[in-house]
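Just so we're on the same page, the working numbering is the position in the sequence shown counted from 1, plus 302.
Here a beta-carbon is modelled for each residue, glycine too, at the ideal position from N, C-alpha and C.
Since the structure comes first, as structure tokens, the remarks are kept for the end.
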Amino acid sequence: MVKLTTSKRNSLPKSNFGLPGSRRYPMPDKAHAVNAKARAAQQVKAGGLSKSSQAKINAKANSIIRRKK
303 MVKLTTSKRN
313 SLPKSNFGLP
323 GSRRYPMPDK
333 AHAVNAKARA
343 AQQVKAGGLS
353 KSSQAKINAK
363 ANSIIRRKK
């Protein structure tokens, strides 16, 4: 996974985030999308994220993972 610096993260459009309103779970590539799915699952289990938010993150991540280069 390529390191995502603060400046690169800040320059990403909202559409590259799993939760665009709060700019959480950045997904500029497949590796970050897979990681976002895993982190969302952890947060749901810990009680820090709702199932509906997880579903949004998973849907966005799945669309990125399925993309062909």
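Helix, strand or coil: how does DSSP classify Arg-325 here? Numbered from its first residue, the sequence shown carries residue 325 at position 23. Arg-325 falls in the coil class under three-state DSSP.
Kindly indicate which residue of Tyr-327, Arg-369, Arg-368, Ser-354 has the alpha-carbon position closest to the one of Lys-339. On the sequence shown, position 37 is the one that residue 339 refers to. Considering only alpha carbons, the answer is Tyr-327.
Expressed to the nearest angstrom, what Euclidean distance is found between the alpha-carbon atoms of Arg-325 and Asn-312? Position 23 of the sequence shown, counted from the first residue, corresponds to residue 325. Position 10 of the sequence shown, counted from the first residue, corresponds to residue 312. When rounded, the distance between both Cα atoms is 9 Å.
Quick check: what's the CA-CA separation for Asp-331 versus Ile-366? The residue labelled residue 331 in the question sits at position 29 within the sequence shown. The residue labelled residue 366 in the question sits at position 64 within the sequence shown. Straight-line Cα distance between these residues: approximately 7 Å.
So is Gln-356 buried or exposed if we call it buried at 16+ other beta carbons inside 10 Å? Mapped onto the sequence shown, residue 356 falls at position 54. Buried, since its Cβ has 16 or more Cβ neighbours within 10 Å.
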